[in-house]
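Throughout, our numbering is defined as the position within the sequence shown, counted from one, plus 18.
Built from N, CA and C at the ideal position, the CB exists for glycine as well.
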Amino acid sequence: MTCFAILLGGDLSVTTRLRRQIGKARIIAADSGMMHAAALGVTPELWVGDFDSAGSELALQYADVPRETFPTDKDATDGAIAIAEAMRRGASDFLLLGGLGGQTDHTAGLLGQSLDIARRGFRCCLSSGAEEAWPVVPGHLSIDVPAGSRLSIIPFSDLTGLSLTGVKWPLAEQTVGLGATLTLSNVVTGQVDIMLQAGHGVAIAYPLLAPND
Numbered sequence: 019m020t021c022f023a024i025l026l027g028g029d030l031s032v033t034t035r036l037r038r039q040i041g042k043a044r045i046i047a048a049d050s051g052m053m054h055a056a057a058l059g060v061t062p063e064l065w066v067g068d069f070d071s072a073g074s075e076l077a078l079q080y081a082d083v084p085r086e087t088f089p090t091d092k093d094a095t096d097g098a099i100a101i102a103e104a105m106r107r108g109a110s111d112f113l114l115l116g117g118l119g120g121q122t123d124h125t126a127g128l129l130g131q132s133l134d135i136a137r138r139g140f141r142c143c144l145s146s147g148a149e150e151a152w153p154v155v156p157g158h159l160s161i162d163v164p165a166g167s168r169l170s171i172i173p174f175s176d177l178t179g180l181s182l183t184g185v186k187w188p189l190a191e192q193t194v195g196l197g198a199t200l201t202l203s204n205v206v207t208g209q210v211d212i213m214l215q216a217g218h219g220v221a222i223a224y225p226l227l228a229p230n231d
């Protein structure tokens, strides 16, 4: 199992939980996502992008990190390029850090990309530190978040056979239509297990952090 953490250019709150999550992950920075490296205490093995937003100070600070430069006029985001490179390097799991919040089009696009990652058989989690998201595709997904955390499942299509345990309001083989709000604002009581027969969506959690987190 090889986990890659991709540093993206959005907001990131560095918590104790986030530090545990990156653990022994290999790191790739996407353009200005390199700004999170110091706070996380990591040095990426690769820095990719068009470098239109990275900043000269970062370039000096991380001059020894190998770089792959791409033209500004390209058909993929810097984050997508970093993810593709991680796949080429043998990734099995992904942590996409700094991709939630900010510009809605980029966030929505990244959530869609996470669904594609999951449909290709990779495990994927997005995090801003204060907010986490997991793509939900047919099959089984286990999520470990602290009891008391708020959890929602957002349908990106009609969901068929949705079962949900480890929450205050469990579900058993429920059909949840696109646009339905049935699965908003649940409360975690233990390990969360999600089973889905058909469709795809995104589970979003707001981890209840300990005082020292």
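Span of the beta strand (DSSP E) around residue i
i           : result
residue 192 : 189–194
residue 102 : No beta strand (DSSP E) contains residue 102, which is instead part of the alpha helix (DSSP H) from 96–106.
residue 117 : Premise fails: residue 117 is in no beta strand (DSSP E) and is neither H nor E.
residue 185 : 177–185
residue 22  : 21–25
As assigned by DSSP and simplified to three states, the class of residue i
i           : result
residue 217 : coil
residue 160 : strand
residue 223 : strand
residue 200 : coil
residue 151 : strand
residue 165 : coil
residue 13  : Any property of residue 13 remains undetermined from this structure, which presents the chain solely from 19 to 231.
residue 146 : coil
residue 82  : coil
residue 173 : strand
residue 211 : strand
residue 90  : coil
Rounded C-alpha distance that separates residue i from residue j
i           : j           : result
residue 27  : residue 114 : 10 Å
residue 33  : residue 147 : 6 Å
residue 185 : residue 164 : 11 Å
residue 43  : residue 69  : 23 Å
residue 209 : residue 90  : 43 Å
residue 96  : residue 56  : 20 Å
residue 167 : residue 224 : 6 Å
residue 19  : residue 142 : 13 Å
residue 62  : residue 122 : 27 Å
residue 38  : residue 58  : 11 Å
residue 192 : residue 181 : 6 Å
residue 109 : residue 49  : 20 Å
residue 25  : residue 140 : 18 Å
residue 190 : residue 83  : 49 Å
residue 129 : residue 211 : 20 Å
residue 204 : residue 196 : 18 Å
residue 31  : residue 169 : 19 Å
Anticipated Cβ contact below 8 Å, residue i with residue j, distance rounded
i           : j           : result
residue 155 : residue 221 : About 11 Å separates the two Cβ atoms, so there is no contact after all.
residue 206 : residue 200 : About 17 Å; that fails the 8 Å criterion.
residue 173 : residue 219 : 4 Å
residue 213 : residue 124 : 30 Å between Cβ atoms; not a contact.
residue 176 : residue 217 : 5 Å
residue 76  : residue 53  : 6 Å
residue 103 : residue 46  : 6 Å
Residue i: first and last residue of the uninterrupted alpha helix (DSSP H) it sits in
i           : result
residue 129 : 122–137
beta-carbon residue i near the ligand FMN non-hydrogen atom, thresh 6 Å
i          : result
residue 78 : Ligands in the displayed structure: none, and consequently the ligand FMN is not present.
Quick check on the DSSP output: what are the complete alpha helix (DSSP H) runs of length 4 or more inside the segment 27–75, in order along the chain?
34–40, 55–58
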